[in-house]
Amino acid sequence: MAQEEPTLPDDEDDKRLMALIAEGDDDALRLLVHRHHARLVGYLRGEVGSQATAEELAMEVFIRLHRAAARWRPEAKLSTYLIHIAHNLVLNEWRRRGRKPTTALEFAAEPGDTSQQSARRVAELDEAFQRAIAQLPPEQRTAILLIVQQELPYEDIAVIMGVPVSSVKTWIHRARARLRDLLKDFHGNP
Amino acid sequence: MNHPERPSFDQELAASLSRGRAVAVPGFADRVVEAVRGERRRRVVVRWSSIATAAAACCVAILSLAFPTEASLNRQTLALVARDESSQFADLLGAADDLSLLSPAVDKPSVVDVLNATGS
């Protein structure tokens, strides 16, 4: 399939690609993965703290998407559906690891991570935030990543996490407060 | 020490997290497609394996019915023999019955008459 820019909006084009994937079109799958993988890996990396694990999980997300392509109904945006699958995989990963999602040490900068971030403070700040986020309870971490990092609305986060919107708001509020507390030494009190 | 131009906590949080929002991985789409193709091949192998297993089971069943084992042959032979004996016996009894029915009704000589005749 040619790499030309589709004239359809992404959501509509995603539906078209999913229909093609259901028919076994690998080029459509390649295009869909190319479109969505970066945000998915970014979200998963925020969740699990490891680039390698994030890529493995993202791979599994797309394999599951491919399996479900024939049954998929476009009730929600595909990007939301992908993060929903990813969130379930993250939950499994936490259970497999014995609840605690990761250690803060896993957030140590990986080669190439900060290649575009020349400012030392930016790198330090990012690492400090990542360490702090790793210390959040899982629900709070997921909620804060989805609202701040992925810029999803509360309603979508509630669908992804399978909880009421009020729970999402509570978790985000608590996550902000907890992060503020964890980073008070680094950021300084206002 | 004041930081008048320093961004707020929420701004720094948003800026930090947004830097990790999208992590493009070169060649990732090709890896996914390759993995999907591998899974598709595995599914084909599994499907044909199960079909082959079912077909083999059917063949074994057909062969078992068409070519019975030695033990079952022996059992069948004995059963046939037993059935034949019983039928022969039944035939004999039936024939005897038929003969008794067909034989003329005559008075059989008594034992005393027989002894007297031989004695004389």
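Respectively, the protein sequence lines represent chains F and B. For the first sequence, the working numbering begins at 5 and goes up steadily by one. For the second sequence, the working numbering begins at 44 and goes up steadily by one. Ideal placement from N, C-alpha and C gives every residue a C-beta, glycine not left out. Just so it is clear, the structure is predicted and the values come from calculations on it, not from any experiment.
As assigned by DSSP and simplified to three states, the class of residue 156(F): It is coil, neither helix nor strand.
Residue 54(B) burial status per 10 Å Cβ neighbour count (16 or more: buried): Counting every other CB atom within 10 Å of its CB across the protein chains shown gives residue 54(B) a total below 16, marking it as exposed.
Residue 75(F) Cβ short of 7 Å to the ligand PLP heavy atom set: Because no ligand of any kind appears in the structure shown, any question about the ligand PLP cannot be addressed here.
Residue 112(F) classed as buried or exposed, judged by whether at least 16 other C-beta atoms fall within 10 angstroms: A caution first: residue 112(F) carries a pLDDT of 45, below 50, which makes its placement in the model unreliable, though a value can still be read off. Taking all protein chains shown into account, residue 112(F) has fewer than 16 neighbouring C-beta atoms within 10 Å of its C-beta and is therefore exposed.
Residue 42(F) at chain B interface by Cβ criterion, 8 Å: At least one chain B Cβ lies under 8 Å of residue 42(F).
Cβ-based neighbour list, residue 22(F), same chain, cut-off 6 Å, excluding 5 preceding and 5 following: Closer than 6 Å at Cβ, skipping near neighbours: 73, 76.
Residue interval of the alpha helix (DSSP H) (run including residue 89(F)): Counted as a single uninterrupted DSSP element, the alpha helix (DSSP H) harbouring residue 89(F) occupies residues 82-101.
CB contact below 8 Å: residue 34(F) versus chain B: Chain B contact via Cβ: present.
For residue 29(F), the first and last residue of its enclosing alpha helix (DSSP H): Where residue 29(F) is concerned, there is no enclosing alpha helix (DSSP H), because DSSP gives it neither an H nor an E.
For residue 96(B) and residue 151(F), the rounded distance between their alpha carbons: Rounded to the nearest angstrom, the two C-alpha atoms are 52 Å apart.
Contact set between the segment 69-81 of chain F and chain B, restricted to residues whose Cβ is under 9 Å from the partner: Taking 9 Å as the Cβ-Cβ cut-off against chain B, the residues of the segment 69-81 of chain F that qualify are 70, 71.
Three-state class that DSSP yields for residue 54(F) in the structure shown: Reduced to three states, the DSSP call for residue 54(F) is coil.
Cβ-based burial, residue 153(F) [other Cβ within 10 Å; buried from 16]: By the beta-carbon neighbour count (other beta carbons within 10 angstroms, threshold 16), residue 153(F) is buried.
Short CB-CB distance (under 8 Å) between residue 45(B) and chain F: In this prediction, residue 45(B) has a pLDDT of 46, which is less than 50 and means its spatial position is unreliable; nothing more can be read from the coordinates.
Neighbour list for residue 2(F) in chain B, Cβ cutoff strictly below 9 Å: Shown here, chain F extends from 5 to 194; a query on residue 2(F) therefore has no answer.
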